Amino acid sequence: MPGHVLPSPLTVVYEDCRMVRLTAPYLPGFLAFREAPFLVDAVQRLREREPGLLPQVLLVDGNGVLHPRGFGVACHLGVLADLPCVGVAKQLLQVDGLENDALHRSKVRLLRAGGDLFPLTGDSGAVLGAALRSHEGSTKPLYVSVGHRVSLEVAVRLTHSCCRFRVPEPVRQADIRSRDHIRRSLGGPGPQQESRSQEAQRPEVGPEQSPEEPPGEGRSPKARSPGPRTHAEAPGPGAQEQ
C-alpha cells in the first residue's frame, strides 16, 4: 500500500521473550505437553498485540509426524494454535526403524548442495520426513517433518528458503534471542541491545565466516531433567523432541 515500507526478507519484525516455569515432568515422547502451552500463549499474545504480523506458517525446533506416536510438538502446536506448522529438528529422532547408522550417514554424504534431500521412510513404509542439506556450507542435515496443515514438499521448500545458515532464520533468531534474554534476566554478561540485534541479524556471510555453525548454533541439546525449571519462552521455537 502507498507509503508502507515492507521489511527486507528474513528480517525480525516481532519479538516476544519471557521467563516461564515448567512444572510438568519431562517424559520422553511427551515434550509437547510440557512446553507447547507456553508456545500457544506466545502465539495468542501476537494475535492480540499485532494481528497483522500473525504468520502464515510456524517453524518449530522439534518434530511433527517424525515421532514415536506420529504427533510431535510441531503437530501439537499447530493444532492448538490453528496454524500450519513445520517441524525442523537438528538431530534425527530414531523411530520406526530409522537409525543414524552407517547407511544413513552414507546418504547424508551424498547431499552435495543446498536443497538436496532424501526421504525418511520408516519400516512401516510411511515417509515421516526428509533429511535436508539446508545450506551450501553445511554438512549436517536438518530433519524436516509435517506438523499441521502442510505437505512435506511445502515444509521442505519453506525451510530451505529461510536458511541463511544451517538453521532457518525464524528458529535461529528465536534461539539467539532467547539465550540472550536468559543471560540478561539472570544477570550474566551479554552485549548491548542494539549491537545484539544487529549481530543476531547477520544478513551476510563474510569470507572468514562459515555458514555451518555461527555463534549460538551447533550445540547438542542438553538432556532434560524431570521436575520444574525456568527457561525463556520465544514464539518461534519449540524444543528439540527427545
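Its first residue numbered 1, the sequence shown is counted upward by one per residue in UniProt numbering. Every residue, glycine too, gets a C-beta built ideally from N, C-alpha and C. Please read these numbers as outputs of a predicted model, since none were measured by experiment.
Quick one: give me the first and last residue of the alpha helix (DSSP H) that L178 is part of. Per the sequence shown, residue 178 should be read as Ser rather than Leu. Run containing S178: E169 to S185, per the alpha helix (DSSP H) assignment.
Return helix, strand or coil for T121, following the three-state DSSP convention. strand
Buried or exposed, going by whether 16 or more other CB atoms sit within 10 Å of the CB of P84? buried
By the 10 Å Cβ neighbour count, where 16 or more other Cβ atoms means buried, how is S151 classified, buried or exposed? exposed
Please report the Cβ distance between G87 and V60, rounded to the nearest whole angstrom; I am assuming they are in contact, meaning their Cβ atoms lie under 8 Å. 6 Å
Tell me whether D175 is buried or exposed, calling it buried when 16 or more other Cβ atoms sit within 10 Å of its Cβ. buried
According to DSSP, L77 sits in a beta bridge with which residue or residues? L77 is not bridged to any residue.
When you compare each of V79, R21, P51 and K90 to F38 by their alpha carbons, which one comes out closest? R21
Helix, strand or coil at residue 326 [DSSP, three-state]: This structure leaves residue 326 out entirely; the chain is present only between 1 and 242.
Let me know the secondary structure DSSP gives F30 once reduced to three states. coil
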